[in-house]
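Protein chains in written order, with my numbering: chain A, 1 to 115; chain B, 1001 to 1114.
No residue lacks a Cβ here, since even glycine has one placed at the ideal position from N, Cα and C.
Keep in mind it's a predicted model, so treat the numbers as computed, not measured.
What follows is a set of notes on a single structure, which appears directly below.
Set out below in structure tokens:
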């Protein structure tokens, strides 16, 4: 099993450009999450989807949008990238139903640089 | 406001000795705690967890201790091995919130020297 996959692995954008980070899981998990990791800040939740068809804001949602395309896929979109969005982005999934706390499984990350 | 804090950015330990990683939290509603391990260029992987109804949970070389009155948890690795060198994140959640959201600490980089 591939687990959680993310594309692309690396991306460089100019300020104002848009892009979509893709995430897919093959574990039939119900919940999916997007985090960003910055030095000295740990992992911060951007958005999450407790079940197919629902999405909710996390700690740092400004500047981002998400789409839970189906049970497998959860994408993160930057409409107008800013240098402050330079970070490593991780997607995660868990089996939990409708938001119960459960072990989250992470993808390998996307390293994004905004110039 | 950082609700979960790991105040030691780094820790260096000799192989075979004990590694103790610490984590403090401020939100008394947190009732489920997890530790994740992260190698460079990889995503975090789950290591061990503990519910607030317990004060200790053990899995092989890894033990997590929870002190609710002090709002403090620690991860003990005994004996430490060079392969344990990684960044360790603690995370906390409110089980009853029905959101599944985890709040992570800043991480502690552990180096185990051969």
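Rounded to the nearest angstrom, what separates residue i and residue j at their Cα positions?
{"i": "residue 69/A", "j": "residue 1104/B", "result": "27 Å"}
{"i": "residue 1021/B", "j": "residue 54/A", "result": "36 Å"}
{"i": "residue 1035/B", "j": "residue 114/A", "result": "31 Å"}
{"i": "residue 61/A", "j": "residue 30/A", "result": "21 Å"}
{"i": "residue 1004/B", "j": "residue 25/A", "result": "28 Å"}
{"i": "residue 52/A", "j": "residue 1083/B", "result": "37 Å"}
{"i": "residue 74/A", "j": "residue 22/A", "result": "7 Å"}
{"i": "residue 1033/B", "j": "residue 1051/B", "result": "6 Å"}
{"i": "residue 1113/B", "j": "residue 43/A", "result": "27 Å"}
{"i": "residue 1115/B", "j": "residue 80/A", "result": "Lying before the first or after the last residue shown, residue 1115/B is absent from chain B, which here runs from 1001 to 1114."}
{"i": "residue 1048/B", "j": "residue 11/A", "result": "33 Å"}
{"i": "residue 1012/B", "j": "residue 1106/B", "result": "17 Å"}
{"i": "residue 1088/B", "j": "residue 1108/B", "result": "5 Å"}
Taking C-alpha atoms, which residue in the options lies nearest to residue i?
{"i": "residue 1064/B", "options": "1012/B, 1091/B and 1038/B", "result": "1091/B"}
{"i": "residue 40/A", "options": "79/A, 107/A and 87/A", "result": "87/A"}
{"i": "residue 1072/B", "options": "1014/B, 1009/B and 1026/B", "result": "1026/B"}
{"i": "residue 110/A", "options": "50/A, 36/A and 80/A", "result": "36/A"}
DSSP puts residue i in a beta bridge; with which residues?
{"i": "residue 1037/B", "result": "1045/B and 1088/B"}
{"i": "residue 90/A", "result": "35/A"}
{"i": "residue 5/A", "result": "24/A"}
{"i": "residue 1058/B", "result": "1063/B"}
{"i": "residue 1020/B", "result": "1076/B"}
{"i": "residue 1011/B", "result": "1110/B"}
Name the two residues that bound the continuous beta strand (DSSP E) containing residue i.
{"i": "residue 1078/B", "result": "No beta strand (DSSP E) holds residue 1078/B; DSSP gives it neither H nor E."}
{"i": "residue 1107/B", "result": "Run containing residue 1107/B: none; DSSP gives neither H nor E here."}
{"i": "residue 46/A", "result": "42–49"}
{"i": "residue 68/A", "result": "64–68"}
{"i": "residue 103/A", "result": "Run containing residue 103/A: none; DSSP gives neither H nor E here."}
{"i": "residue 10/A", "result": "10–13"}
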